[in-house]
Every structure is written in structure tokens, then in C-alpha cells.
Amino acid sequence: MSKIVLISTYELGRPPFGLASAAAQLQHAGFAVQLVDAAIHPPPDKLVAEADLIGLYLPMHTATRLALALLPRLRSLNPQAPIVAFGLYAPLNARWLQEQGVSYCIGGEFESRLVELASALLASPGDRKTTVANQVVLDRIPFLPPKRDLLPPLENYARLVLPDGSQRLAGYTEASRGCKHHCRHCPVVPVYGGRFRVVPVEVVLEDVAAQVALGAQHITFG
């Protein structure tokens, strides 16, 4: 079975929703997926070297800069595997990323296209030609509950600090993507162009319940 490794580099100390969401879609499609949160532990050399496809989740500027710093190591360990950047900042920085070794960039509602791209690339490993690459996807997609069990334990992430100084383990989920506004300073606008996508209520609630089962005592919405 083909091995896919998805890597997050930075998510403000929160467990990365997009990484776990992508993993859910890929697992549903029959792929073996492993997640690495490089903000907690660097990607193991053996895991990277044996990957058939590597994904970099880029939801923000800092994550993108850290991913760029990581790319030479990924390419050195595994020169053959396609590297896919996905998330809000992937299409905005496509040229720069591809100059540094990224093969494809997908933004917006990336999960379904990521599955399509993985299916096309891994069906013909020697042929990297595909029409899926370098796309901003705004189709309404069928969300699945994120695979939280593939991420590091919640103890590794930011906690809620109460006024009395006590702390609670904190989870994180997302109920929407995009934005209806067109603020000129915002990186969401060039990708979504005023469009707004809602994660189904049942998916959000199942995601929250999964994190509570893993020990979360507080949930942050983003």
C-alpha cells in the first residue's frame, strides 16, 4: 500500500484541523496516512525516506516559512516522492514553493483535490503530469470528521489558562472556511474572493466529541 506522509509546521500551538481533515479523506479513499506535527517533533528520517507522497499543510505565513526551511531536508531524504503543498498559503506562494522543490500546490477546499492528486500520482508513480495541480478549489466538498487520533496527544498543545492559574487541555476545530468580506490586508480574499464555506454541524460536533474523548476540557473555534 502506498504511504502518504502529511506534515504540519505551525498552527499557533493548536492541533491542526486541516492536517487531520486531509488524513480523514485520504484514509477514506484507501490510502495509508501518517501525520507529523513538526512544531512538536521533527519528521523522522525513515518516515520521510519511505514516503510515496509528502504533503505540507500551509494555513498561514509562519507555517509556509517553516515549510520552506524544511524542504531541503525532505528533498535530500526522498528525492523521488512528489511533494504537495495544501492550504490557504499554498497557491499564494506556488511559484516560490515550486522553486524550492514542491511539486504541486492546492488551496481553498483542498481535501477532495488532494485525494484526486494522490490517486493520479500513485497510480502512475513515474508520471507526474496531472491537471489537478496548482489549483484553488472552491467546490462544496463532503467533509468527514478529522482523524484526531493520528495527531500527537493534546498534552503537547496549547492549554487554556484560567484566572486562578489552573490549566485545561484545549482542542481546536473549525466550523467554516473563507469569508464574505474583502478586507485588503487579508490573505483569505485572494483565495476565496468573498465566498464562504460551512462545515456541517454533525462533522463539527463529532470532531469536538472525538477531542473530548482524547482529554480536551476546552474547545477553541477557528
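Under my numbering, the sequence shown has 952 at position 65, and the numbering climbs by one with no breaks.
All C-beta atoms, glycine included, are put in the ideal place defined by N, C-alpha and C.
Please read all numbers here as calculations on a predicted model, not as lab measurements.
Next item on the list: Only counting runs of 3 or more residues, tell me where the beta strand (DSSP E) segments fall wholly within the stretch 987 to 1031, in order along the chain.
Entry: The qualifying runs are 991 to 995, 1022 to 1024.
Note to self: So, for LEU1049: in the same chain, excluding its five sequence neighbours on each side, which residues have a beta-carbon less than 8 Å away from its beta-carbon?
What the structure shows: Position 162 of the sequence shown holds residue 1049. Cβ neighbours of LEU1049 beyond the five flanking positions: ARG1055.
Item checked: Range covered by the alpha helix (DSSP H) that runs through ALA875 -> Because the chain here runs from 888 to 1109, residue 875 falls outside it and cannot be looked at.
Note to self: Taking 8 Å as the cut-off, does the stretch 910 to 922 touch the stretch 966 to 981 (at least 3 CB pairs, one atom from each stretch)?
What the structure shows: Fewer than three Cβ pairs drawn from the stretch 966 to 981 and the stretch 910 to 922 lie within less than 8 Å of each other, which leaves the two stretches out of contact.
Item checked: Three-state secondary structure assigned by DSSP to ALA1097 -> Residue mapping note: residue 1097 aligns to position 210 of the sequence shown, counting from 1. In the structure shown, ALA1097 sits in a helix (DSSP, three-state: H, G or I).
Check: Contact check, LEU955 vs GLN987 under 8 Å by CB: the rounded distance?
Finding: Counted from its first residue, the sequence shown places residue 955 at position 68. Counted from its first residue, the sequence shown places residue 987 at position 100. Contact between LEU955 and GLN987 holds: their C-beta atoms lie close to 6 Å from each other, under 8 Å.
Check: How far does the beta strand (DSSP E) with ALA1057 in it reach, from first residue to last?
Finding: Taking the first residue of the sequence shown as position 1, residue 1057 is located at position 170. First-last of the beta strand (DSSP E) with ALA1057: 1054 to 1060.
Notebook entry, point to check: What residue does the beta strand (DSSP E) around PHE1083 start on, and which one ends it?
Noted result: Counted from its first residue, the sequence shown places residue 1083 at position 196. It spans 1083 to 1085 - the beta strand (DSSP E) in which PHE1083 sits, taken as one unbroken run.
Next item on the list: Look at the alpha carbon of SER1006 and the alpha carbon of VAL920, and state the distance between them as a whole number of angstroms.
Entry: As a first step, residue 1006 is located in the sequence shown; it is residue number 119 there, counting from the start. As a first step, residue 920 is located in the sequence shown; it is residue number 33 there, counting from the start. Their Cα atoms are separated by approximately 13 Å.
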